[in-house]
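Numbering (this note's numbering), first residue to last: 840 to 1037.
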């Protein structure tokens, strides 16, 4: 949490965003991608939180309205110039970590797709971004086989386990009878990502 507070103090000097641009050979199923992104916020609950300041202290607070958010913009691009403009627009758009969530995505549609994923650095480091993408891809693949799939949340993230466990008990993170992933292990980096789904 001390690193988060330091990042907050230096916030005006940096936008604190991690970005990944994936140029694909074909097209993704936009609906399944939106669902996979939403479920990835369940698999890594910290990413579905907002960064809050309470009584002079910082804390992660889980957003209760994640199902209502459009987590992945889908933009049709008629030509390369439009695609480049939309890519630039999304890459430089600010993320409000105080509103949350700490992730955003944009799918640029042309003959092939370009997927852009952004994570706020308060929630993840570079390795965390890579592991987030691996988890997102694994959930996307799993949804093709089992549309009702629900990942098991990684409750070890960021030392906020007590908050995340309480959210889990309140039914905010899982659905009864949903398939579960193996128990997460503690990972590297601030996000503490566990093993990606098989």
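For glycine and all other residues, C-beta sits at the position ideal for the given N, C-alpha and C.
Note that the coordinates shown come from a computational prediction; the quantities given were computed from them, not determined experimentally.
Item: As assigned by DSSP and simplified to three states, the class of residue 898; Value: strand
Item: Start-end ranges of the beta strand (DSSP E) lying completely within the segment 875 to 928, minimum 3 residues; Value: 888 to 893, 896 to 901, 911 to 915
Item: Buried or exposed by the 16-neighbour rule on C-beta atoms within 10 Å, applied to residue 882; Value: buried
Item: Counted within 10 angstroms of its Cβ, other Cβ atoms place residue 992 as buried (16 or more) or exposed; Value: buried
Item: Stretch pair the segment 909 to 925 + the segment 958 to 968: three plus CB contacts closer than 8 Å; Value: no
Item: Outcome for residue 879 when other beta-carbon atoms lying within 10 angstroms are tallied against a minimum of 16; Value: buried
Item: Separation of residue 885 from residue 974, as counted between CA atoms; Value: 14 Å
Item: Opposing strand residues paired with residue 972 [DSSP bridges]; Value: Partner(s): none; residue 972 has no beta bridge.
Item: Proximity of residue 971 and residue 945 at Cβ, strictly below 7 Å; Value: no
Item: Same chain, Cβ closer than 6 Å to residue 861, five either side skipped, listed in chain order; Value: 954
Item: Inter-residue spacing [alpha-carbon to alpha-carbon] between residue 943 and residue 922; Value: 18 Å
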